[in-house]
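Asks: Provided herewith is a single structure, encoded as structure tokens, for subsequent inquiry.
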Amino acid sequence: EVSVEGNDLVVNGKRIRVTAEKDPNNLKWNEVGADYIVESTGLFLTKETAQAHINAGAKKVVLSAPSKDDTPMFVMGVNHKDLTA
49 EVSVEGNDLV VNGKRIRVTA EKDPNNLKWN EVGADYIVES TGLFLTKETA QAHINAGAKK
109 VVLSAPSKDD TPMFVMGVNH KDLTA
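The opening residue of the sequence shown carries number 49 in the numbering used here; numbering runs sequentially from there.
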């Protein structure tokens, strides 16, 4: 079952916050208990810019596109075992 309640998408009783915030510093990940964030806008592809998600309360950020700096990239089946927490 899927529904919308206010700014939340509700799927099988689980709430998913939906936002249109342009500045990741304002996303308040700590308020929703989000530890891992998937950055898939393609706009924040360096350590410096992805840090905004950490500033907002996330513990880790996963980039869905190649980084534009020296941020390590891991590919399942290629070098995923090199990833350390």
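Note that CB positions come from ideal geometry on N, CA and C, so glycine has one too.
#1: Among P72, S51 and K70, which one has its Cα closest to the Cα of K62?
#2: Which two residues bound the contiguous alpha helix (DSSP H) that contains K62?
#3: Where does the unbroken alpha helix (DSSP H) through E69 begin, and where does it stop?
#4: Consult DSSP for D83 and reduce its assignment to one of helix, strand or coil.
#5: Sort D83, G81, K116 and V59 by Cα distance to L93 and report the nearest one.
Replies: In terms of the structure at hand:
#1: Translated into the one-based positions of the sequence shown, residue 62 becomes position 14. Here the closest residue by C-alpha is S51.
#2: Here residue 62 refers to the residue found at position 14 of the sequence shown. Careful: K62 lies outside any alpha helix (DSSP H), inside the beta strand (DSSP E) at K62 to R65.
#3: By one-based count along the sequence shown, residue 69 stands at place 21. It is not in any alpha helix (DSSP H) - E69 carries neither H nor E in the DSSP assignment.
#4: On the sequence shown, residue 83 is found 35 positions in, with the first residue counted as 1. D83 falls in the coil class under three-state DSSP.
#5: Counting from 1 along the sequence shown, the entry for residue 93 is found at position 45. Nearest C-alpha to L93: K116.
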